[in-house]
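To keep things clear, I will list the structure first and then write my remarks on it.
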């Protein structure tokens with residue numbers, strides 16, 4: 235059977251749960267440590283109190299999608315589902331799979347529009363649905379690559395590049411000295427940049443820690459700073475001006491993602507690049523931020539923002555605004571990493587990989 239005649243025979247979704255407790259952030263406090271239940275982040279509670287509580291899993295989890303063609307060829311995808319992965323699994327199996335079974339395996343754009351359109355009039359244009367669509371879409375691209383015997387980046391018109399600049403995300407350590415040592419080690423290992431967090435408490439203490447890391451890796455690696463949406467407008471401006479003087483690579487998510495007006499005002503007031511967008515799921519959501527000048531670097535997550543198909547369109551929208559994108563890669567499997575890497579390899583306005 236040729237690839238051009240393959241049909242979708244089966245779509246399955248699997249919830250994977252890690253066998254170790256999630257310990258990706260020193261600011262986490264386990265309030266409900268039972269397996270698969272939430273751990274609430276204590277990050278930035280001093281800044282805006284209970285308005286900023288982000289749930290994380292007690293154990294790492296994700297949702298993996300398997301699509302089988304009628305000739306037995308298999309494609310794998312991943313839906314970013316760090317918490318509530320069973321909800322994502324149900325959407326794949328109960329909502330999306332019935333739309334695609336028996337259909338042409340290579341009609342990927344058509345399948346994406348049908349999946350997105352299936353819940354559009356109900357207002358489901360983000361969250362679990364888009365993550366589920368991403369998992370199916372990535373599996374379809376993987377399947378297509380296997381049917382034709384070529385890497386996915388070839389199907390996307392690449393390679394535009396054969397190497398990706400990579401930054402190390404989340405410099406580990408509970409003290410400044412530990413984080414400085416970790417940043418120096420990561421820089422020596424060849425990472426283009428390292429990313430550290432602020433917004434955990436006292437703003438001046440956080441910024442002093444960033445300054446120490448910047449000084450330690452100067453000339454060897456850039457420093458990215460992630461505030462996780464923790465700050466008020468006043469504190470964000472204060473932090474941004476201090477970070478601008480330090481020469482950091484970017485300031486990520488200083489404000490809550492809903493505050494687009496705040497991002498516009500902040501971007502106009504400072505010179506340090508603002509990076510944002512890991513919460514956004516479609517080209518339309520990114521277009522609003524880009525057209526209003528709210529962001530300098532966008533951060534789509536291929537396993538959240540509709541998969542490779544929508545990720546490619548988001549990159550094109552960014553290019554219309556002369557803006558580059560950086561791959562957001564969070565908790566998940568190597569499928570997540572591979573999908574983002576193939577898209578990045580084929581994209582002209584890609585910047586850096588997490």
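Residue numbers (the numbering used here): 235 to 588.
Just so you know, even glycine gets a beta-carbon here, dropped at the ideal spot from N, CA and C.
Bear in mind that the values here come from a model prediction, so they are computed numbers and not experimental data.
Short check: CB of residue i to CB of residue j, under 8 Å?
| i | j | result |
| --- | --- | --- |
| residue 391 | residue 385 | no |
| residue 374 | residue 325 | no |
| residue 401 | residue 368 | no |
| residue 463 | residue 498 | no |
| residue 590 | residue 473 | Here the chain covers residues 235 to 588 and nothing more, so residue 590 does not appear. |
| residue 448 | residue 482 | yes |
| residue 317 | residue 291 | yes |
| residue 504 | residue 475 | yes |
| residue 511 | residue 523 | yes |
| residue 516 | residue 299 | no |
| residue 577 | residue 545 | yes |
| residue 410 | residue 446 | yes |
| residue 309 | residue 377 | yes |
| residue 387 | residue 579 | yes |
Assign residue i to buried or exposed, taking buried as 16 or more other Cβ atoms, counted over all protein chains shown, within 10 Å of its Cβ.
| i | result |
| --- | --- |
| residue 346 | buried |
| residue 335 | exposed |
| residue 559 | buried |
| residue 519 | buried |
| residue 588 | buried |
| residue 568 | exposed |
| residue 495 | exposed |
| residue 355 | exposed |
| residue 266 | With a pLDDT of only 35 at residue 266, under 50, the local geometry of the prediction cannot be trusted, and no value is derived from it. |
| residue 397 | exposed |
| residue 408 | exposed |
| residue 570 | buried |
| residue 239 | exposed |
| residue 306 | exposed |
| residue 514 | buried |
| residue 431 | buried |
| residue 416 | buried |
| residue 539 | buried |
| residue 244 | exposed |
Leaving out five residues before and five after residue i in sequence, what residues of the same chain have Cβ atoms less than 7 Å from its Cβ?
| i | result |
| --- | --- |
| residue 566 | 296, 312, 314, 537 |
| residue 543 | 342, 343, 346, 371 |
| residue 349 | 330, 333, 367, 370 |
| residue 242 | 301, 303, 334, 335, 336, 337, 339 |
| residue 581 | 394, 549 |
| residue 425 | 400, 401, 402, 455 |
| residue 319 | 249, 295, 296, 297 |
| residue 178 | Within the shown structure, residues of the chain are numbered from 235 to 588, placing residue 178 beyond reach of any answer. |
| residue 418 | 450, 451 |
| residue 328 | none |
Got a sec? Which residues, its chain only, sit under 6 Å from residue i by beta carbon, not counting five neighbours each side?
| i | result |
| --- | --- |
| residue 470 | 488, 489, 500 |
| residue 574 | 536, 561, 563 |
| residue 248 | 298 |
| residue 279 | Bear in mind that a pLDDT of 39 at residue 279, under 50, signals an unreliable position, so the number given afterwards is only what the model happens to contain. Hits under 6 Å: none found. |
| residue 521 | 551 |
| residue 322 | 297, 313, 315, 362, 365, 366 |
| residue 216 | The requested residue 216 is not part of the displayed model; the chain covers only 235 to 588. |
| residue 246 | 300 |
| residue 353 | 363 |
By DSSP's criteria, residue i is part of a beta bridge. Which residues make up the other side?
| i | result |
| --- | --- |
| residue 316 | In the DSSP output, where bridge partners are listed per residue, residue 316 has none listed. |
| residue 242 | 303 |
| residue 384 | Residue 384 pairs with nothing; no bridge assigned. |
| residue 531 | 509, 558 |
| residue 403 | 429 |
| residue 250 | 296 |
| residue 584 | 559 |
Any heavy atom of the ligand NAD inside 7 Å of the beta-carbon of residue i?
| i | result |
| --- | --- |
| residue 460 | As for the ligand NAD, it is missing from this structure, which has no ligand bound. |
Tell me which same chain residues have a C-beta within less than 8 Å of the C-beta of residue i, skipping the five on either side of it?
| i | result |
| --- | --- |
| residue 525 | 555 |
| residue 477 | 441, 444, 459, 485, 506 |
| residue 583 | 549, 552, 553, 557, 558, 559 |
| residue 281 | Here the model assigns residue 281 a pLDDT of 42, short of 50, so the residue's position is not dependable, and the following value carries that caveat. 433, 435, 437, 464, 465, 466, 469, listed in sequence order. |
| residue 502 | 527 |
Using beta carbons (cut-off 8 Å, strictly below), is residue i in contact with chain D?
| i | result |
| --- | --- |
| residue 338 | Judged by its chain identifiers, the structure shown contains no chain D, having just a single protein chain. |
key: Runs of alpha helix (DSSP H) wholly within the segment 457 to 491 (minimum 4 residues, chain order)   = Taking only runs of at least 4 residues, the alpha helix (DSSP H) segments lying wholly in the segment 457 to 491 are 467 to 480.
key: Uninterrupted beta strand (DSSP E) stretches inside the segment 297 to 370 (no shorter than 3 residues)   = Whole beta strand (DSSP E) segments, 3+ residues: 308 to 313.
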